[in-house]
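Its first residue numbered 6, the sequence shown is counted upward by one per residue in this note's numbering.
Presented below is the structure to which this report refers.
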Amino acid sequence: MTATDNQKLFFRGDGAPVEWRISTGLSPYVEAVATMEARAEAIHKGEAPELVWLVEHPPLYTAGTSARASDLLSNRFPVFETGRGGEHTYHGPGQRVAYLMLDLNARRRDVRAFVAALEAWVIGALDRFNVRGEVREGRVGVWVRRPEKAADAEDKIAAIGIRVRRWVTFHGISLNVEPDLTHFGGIVPCGIADPRYGVTSLVDLGLPVTMPDADVALRSAFEEIFGPTTR
6 MTATDNQKLF FRGDGAPVEW RISTGLSPYV EAVATMEARA EAIHKGEAPE LVWLVEHPPL
66 YTAGTSARAS DLLSNRFPVF ETGRGGEHTY HGPGQRVAYL MLDLNARRRD VRAFVAALEA
126 WVIGALDRFN VRGEVREGRV GVWVRRPEKA ADAEDKIAAI GIRVRRWVTF HGISLNVEPD
186 LTHFGGIVPC GIADPRYGVT SLVDLGLPVT MPDADVALRS AFEEIFGPTT R
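As structure tokens, this is what we get:
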């Protein structure tokens, strides 16, 4: 799916902008989920605009609806069961988490197409740093090739896990800007144990990208696919 196709599918018909919010500091996970739940309900009722909320969390693991207990290798950080799709994921400082509370009733009622649009969004943001992000059948998220490691080596740079209730989305994506990559060692990330596939970040790729840099890229790429934003 191209960015042009995504624009046709996921721009709102009424052109209403999405609220764009960035929180400073580390956001407690339980409070973040409660905020998402409340906002999604308000959007469903027509009482609040759509929201993209950018946060960082303290170190923690989350277990999606497909998570296997055997993929939790260490309890060094708190583990939270969550209603999003997917398996185990790490969140922590240096990783930009973007929670999307969007009304697919006003866009398109197609969850698969929505996930493809999220992938295209992340790929567009990475392109602003001359990083080629790619998607793989059977491996959710956005990947980069690492030929310097091995001919077929690839690392995940962004994870995707969403939930949709009454066609309003919540949860979202996480982009590794400069997290401590050793923290991923406590889980089998997204259930993928193949040694050819690891985890990376923008800084790990040798790019001096700051969190504000990443935020600018994410916002610009988001507007190309989902429409205008406002603060």
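Glycine residues also receive a C-beta, built at the ideal position from the N, C-alpha and C atoms.
**Asked** When we look at the beta-carbon of residue 183 and count the other beta-carbons within 10 Å, is it buried (16 or more) or exposed?
**Response** Burial call: buried.
**Request:** Report the option in 114, 206, 168 and 49 whose CA atom is closest to the CA atom of residue 127.
**Result:** Comparing Cα-Cα distances from residue 127 to each of 114, 206, 168 and 49, the minimum goes to 206.
**Prompt:** Count the other CB atoms within 10 Å of the CB of residue 181; is the residue buried (16 or more) or exposed (fewer)?
**Reply:** Around the beta carbon of residue 181, 16 or more other beta carbons sit within 10 angstroms, so the residue counts as buried.
**Request:** Under the assumption that residue 117 contacts residue 92 (Cβ atoms under 8 Å), give the Cβ distance between them as a whole number of angstroms.
**Result:** Wrong, their Cβ atoms sit about 18 Å apart, outside the cutoff.
**Closer than 7 Å: residue 126 CB and nearest the ligand GTP heavy atom** = Judged by which ligands are present, the structure shown has none, so any question about the ligand GTP falls away.
**Request:** Use the C-beta contact count for residue 50: other C-beta atoms within 10 angstroms, 16 or more gives buried, fewer gives exposed.
**Result:** The residue in question, residue 50, is exposed, as its Cβ has fewer than 16 Cβ neighbours within 10 Å.
**Item:** Beta-carbon spacing of residue 218, residue 172 below 8 Å
**Value:** For residue 218 and residue 172, no; Cβs fall outside 8 Å.
**Message:** I'd like to know if the region 42-59 and the region 129-148 are in contact, where contact means that at least 3 CB-CB pairs between them fall below 8 Å.
**Reply:** Contact check between the region 42-59 and the region 129-148: fewer than three CB pairs, one atom from each, fall below 8 Å, which does not count as touching.
**Asked** Which parts of the region 82-169 are runs of the alpha helix (DSSP H), unbroken and 4 residues or longer, counting only runs that do not cross its ends?
**Response** DSSP runs (the alpha helix (DSSP H)) wholly in the region 82-169: 116-132.
**Own chain partners of residue 34 with C-beta closer than 6 Å, once the 5 adjacent residues on each side are dropped** = Result list for residue 34: 62, 65 and 85, in chain order.
**Prompt:** Do residue 166 and residue 94 come within 8 Å of each other at the CB atom, strictly closer than that value?
**Reply:** Yes. Within cutoff.
**Message:** If you follow the alpha helix (DSSP H) that residue 225 is in, where does it begin and where does it stop?
**Reply:** Where residue 225 is concerned, the enclosing alpha helix (DSSP H) starts and stops at 216-231.
**Prompt:** Ends of the alpha helix (DSSP H) at residue 46?
**Reply:** 34-49 is the extent of the alpha helix (DSSP H) around residue 46.
**Request:** Kindly list the residues whose CB is nearer than 7 Å to the CB of residue 17, restricted to its own chain and excluding five residues on each side of it in sequence; keep chain order.
**Result:** Excluding sequence neighbours, residue 17 sits near 111, 112 and 232.
**Asked** Smallest Cα separation from residue 216: which of 100, 15 and 210?
**Response** For residue 216, the nearest C-alpha among the options comes from 100.
**Prompt:** So the beta strand (DSSP E) residue 175 belongs to, where does it begin and stop?
**Reply:** Per DSSP, residue 175 belongs to the beta strand (DSSP E) from 173-181.
**Request:** Under 8 Å by Cβ, that's how I've got residue 158 and residue 201 pegged, so tell me the actual separation to the nearest angstrom.
**Result:** Yes, residue 158 and residue 201 are in contact; Cβ-Cβ is about 5 Å, under 8 Å.
**Prompt:** Where does residue 160 land, buried or exposed, given buried means 16+ other C-beta within 10 angstroms?
**Reply:** Buried is the call here.
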